[in-house]
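For what it's worth, the numbering used here labels the leading residue of the sequence shown as -18, then goes sequentially.
For each residue, glycine too, the CB sits at the ideal point set by N, CA and C.
Quick caveat: nothing in here was measured; it's all calculated off a predicted structure.
Just below is one structure, and these are the notes that go with it.
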Amino acid sequence: GSLGLAYYQTGQFDEALKAYQKTAELSGQDPVPRQKMAEIFEQMGEFERAAESYFAAAELFARTRELDKAIECWNRVVRLQPEHLVSHSRLALVYDRLGNKKQAVNEYIAVASLLQHGGNIAKALETAIHAQHILPESPQIAQVIAKIRANRPLPKPSAPRGGTGQIRPQSTGQLKQKESHLTSPQDPINEARRKALEDLASLLFESEEKQQQERQERKGIQAIVKGTGALTNPEQDYDRVLLHLGRVVDAQSRNEHETAARELERALAMGLDHPAGYFTLGYLQAETGRLESAVRNLRKAALHPEYALSAYLLIGKVHRRMNNHREAAVDYLRALRLADALVVPSEQAEALRQLYDPLIEAQAQETDEEIQKRLSENIEELLLEAGWEQRLAEARRQLPQAEGNGSVLPLAEILTASTSSQVVTALANINRLAKQGRWRSAIDEAYWAIQHAPTYLPLHISVAEMLIQMGYIQEATTKLSVVARTYMVRGEPDQGIKILRRLVNLAPMDLNARQRMIEILVNAHRIEAAIDEYLQLAGVYFSRAELDQARKTYRDALRLAQQPGVKPESQVRILHQMADIDLQSLDWRQAIRAYDQIKTLQPDDEKARLNLVNLHLKLGQQPQAMDELDDYLGFLVKNRQYNRAFAFLEALVGEQPDVRAIRFRLAELYRQAGKTGQAITQYDLLVEKLVAAGDRAGAIKILQTILKLDPPDRSEYQAVLDQLLNNPR
């Protein structure tokens, strides 16, 4: 440490950095060398490495309870990288526990913003609401919550002013200023590595937040546990997974790859099911030489769009290390397909991705190792450095112009001289013949192309579409089903889902296709889409009067919708469908249970509230019915929704005219709202029903209430009251 300090004070930053790195390796848990390394990196303009070192130092300071120093380092991280989610989360929690309310709230707002921009709207709202508990009167937090609920983007965190400014170099002539990584994007692998670490760390942040609530309210990590969150021992498994995840993040901050990999494997074995976990484990295994295991986990990560590009690139790198040059070239081409589609107009992206299929197929059959190596090297040069998108765009400008039909050529055309381009030409001919209605000629052209590229799936899709046009529906559905399964086996769920959607639209009663669609969507963590398919499937059963099967399907959908992170509206929609089936089956008690759940999820659901009252009355449970009615009226009055309360009671009186307790509540509500005439009308009708029912005492009480309202025909009401009082029988 002393040698490093000496070099540092004399401006010999390269030597100082080496000395501090050596000290950090020897000292292990000492945060000071890492803090000094961060300061040197910052002066050298290597802001990303500076931020990483400050974060590592902060974590070590926190472990030794030196919170002031930890806070200083975390603040330097967010100054250098304003969107560093984990550091904002740490600052929020520490400030919260120290009682620094304003600073805690500012950090929670930053966390909410980053979560919102990352697509985790539910967690962003939960974070903002927690901040509001700290400062309930803050108008800023109220605005943040309103924006999240309205789906309006929050401003992203910016670098804090003052306090922890950038360290100025003592001798600028001795420093080689480098371009900041904050303004130049990383290569896809390192960007995905950073995102994956933040995703895993955010689960820990979520856990620490939930510890302030009741145990049963903790939902966090169970959203990403296999199945529907049902573990052998949910509480114990929950805590053990979090324990291992904490060790993963800690080991990663110290670049202890083997330790991090070991802990992450344990978390995954206990049920963690998250693409960030698979990508991180694959990366760590690649770094530690466990190459075959790395490929297996990276292929799991590649099933998720946010990690697919980076996972395929890393798989390609691993295959090159294993001298599997053919496999490397194929996976690099898969990565290039995804990257290329990102730099063309969105309406051209899908067609471009399909044009890569024959090129990938050709590489899978290629036997020339030099061609495979050259292709891999070319793609690495394009994608495995910062600024890759700009290089891709520049490379696309070198492509020959396609015909004037709005189509684009794959960038891989300039990286390989594959004869598979003949298949692309064949596709153009097929499309031309099909547009002319020359179906037989088009199919003949397609079968000729299939002989040259039998596994090029777009050709098979073209044949299926032409069969549909010719009226051969059964043959078309069979071919589409095979194509969809093939895409799934290849690890291309997006394409498989697209084909299955086409198949389902073509044959809406094909239950097997719908079941496969649901399974694929669930495995790909596309929960909302899977729920929609469940509802469609249940609708098919319902149309066939198979009510038991329909209800079972709705129940499966509900289990899926109950996972944390799914919008409550999805559960409400399913429960209404289940209740409708119960009503048709005259299973009123089961319907009540469904409506009770809806009421909890969505207190202002008027249909559920109305049915709850009516069903309790049908079962002869008037006290429960009135409890439900009073609960809903209390909710409406509390929220100043008086017109809804009047309309609800009027509708209910219309459906249940003989239930005096409902009419009494309507009259009372009118009276309390100052609507005297309408109140008297309802009281008058109530008196008639009470007298007819022989309830003289009740009628007298209501008449006395009417007289207090000073009705226009007061004498008539007085006469009726006197008659009841003087004739007790």
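The criterion of a C-beta distance shorter than 8 Å is satisfied by Glu587 and Phe629. Distance from the Cα of Leu226 is smallest, within the candidate group Ala177, Tyr623, Glu268, Ala267, for Ala177.
Per DSSP, Asn56 is one residue of the alpha helix (DSSP H) stretching across 48 to 61. For Leu650, the closest C-alpha among the options Gly635, Leu671, Gln622, Arg677 is that of Gln622. Burial is judged here by how many other beta carbons sit within 10 angstroms of a residue's own beta carbon; Gln653 has fewer than 16 and is exposed. The region 289 to 306 makes no contact with the region 325 to 342: fewer than 3 CB pairs, one atom from each, lie closer than 8 Å. Contact annotation: Glu473 and Met498 have beta-carbon atoms that are not nearer than 8 Å. Assigned with DSSP and collapsed to three states, Leu284 falls in coil, not helix or strand.
Of all C-beta pairs linking the region 477 to 484 to the region 454 to 464, three or more are shorter than 8 Å, placing the two stretches in contact. Annotation: the continuous alpha helix (DSSP H) that includes Met559 extends over 549 to 565. Put simply, of Glu268, Ala409, Gln353, Pro435 the residue whose alpha carbon is nearest the alpha carbon of Gln233 is Glu268. DSSP, reduced to helix, strand and coil, places Leu253 within a strand of the structure shown. Rounded to the nearest angstrom, the Cβ distance from Ser94 to Leu41 is 28 Å, too far for a contact under 8 Å.
Residue burial is scored here from C-beta neighbours: Asp231 has at least 16 other C-beta atoms within 10 angstroms and is therefore classed as buried.
Nearest Cα to Lys83 within the set Ile21, Ala519, Ala430, Pro117: Pro117. With a 10 Å radius around the Cβ and a threshold of 16 neighbouring Cβ atoms, Glu351 comes out exposed.
Between Pro169 and Leu364, the CB-CB gap stays under 8 Å. Beyond the five residues adjoining it in sequence on each side, Thr436 comes within less than 6 Å, by CB distance, of Glu342 in the same chain, given in chain order. The beta carbon of Ala85 is closer than 7 Å to those of Ala73, Tyr76, Asp77, Ile115 in its chain, skipping five residues each way along the sequence.
Per DSSP, Ala393 lies in no alpha helix (DSSP H) and is assigned neither H nor E. With 16 or more other CB atoms across the displayed protein chains lying within 10 angstroms of its CB, Lys298 is buried. Ranked by Cα distance from His441, the first of Lys416, Gln417, Ala407, Arg419 is Ala407. Every alpha helix (DSSP H) of 4 residues or more that sits fully in the region 423 to 506 is shown, in chain order, as 438 to 450, 454 to 470, 474 to 487, 492 to 504. Here the alpha carbons of Gln450 and Ala427 stand approximately 15 Å from one another. In this structure, Leu684 is the residue among Asp676, Leu684, Arg677, Val640 with its C-alpha nearest to the C-alpha of Ile661. Straight through space, the alpha carbons of Ala39 and Phe22 are spaced by roughly 16 Å. If you draw a straight line from the Cα of Ile122 to the Cα of Ala109, it comes to about 7 Å. Per DSSP, the continuous alpha helix (DSSP H) segment holding Leu95 begins and ends at 82 to 98. Of the candidates Gly80, Gly99, Ser70, the residue whose Cα lies closest to the Cα of Ile90 is Ser70. Contact annotation, Val325 with Val389: C-beta distance approximately 6 Å; criterion of less than 8 Å satisfied. Nearest neighbour of Gln637 by Cα position, chosen from Asn595, Asn304, Lys104, Ser422, turns out to be Asn595. Nearest to Ala173 by C-alpha distance, out of Glu308, Ala309, Ala367, is Ala367.
It is roughly 18 Å from the alpha-carbon of Arg532 to the alpha-carbon of Glu500. Taking 8 Å as the upper bound for CB-CB distance, Phe260 and Leu279 are in contact here, some 7 Å apart.
When the five nearest sequence neighbours on each side are left out, the beta carbons in the same chain lying within less than 6 Å of the beta carbon of Ala606 are those of Val594, His597, Leu598, in order along the chain. Between the C-alpha atoms of Ser274 and Ser68 there is a straight-line separation of about 31 Å.
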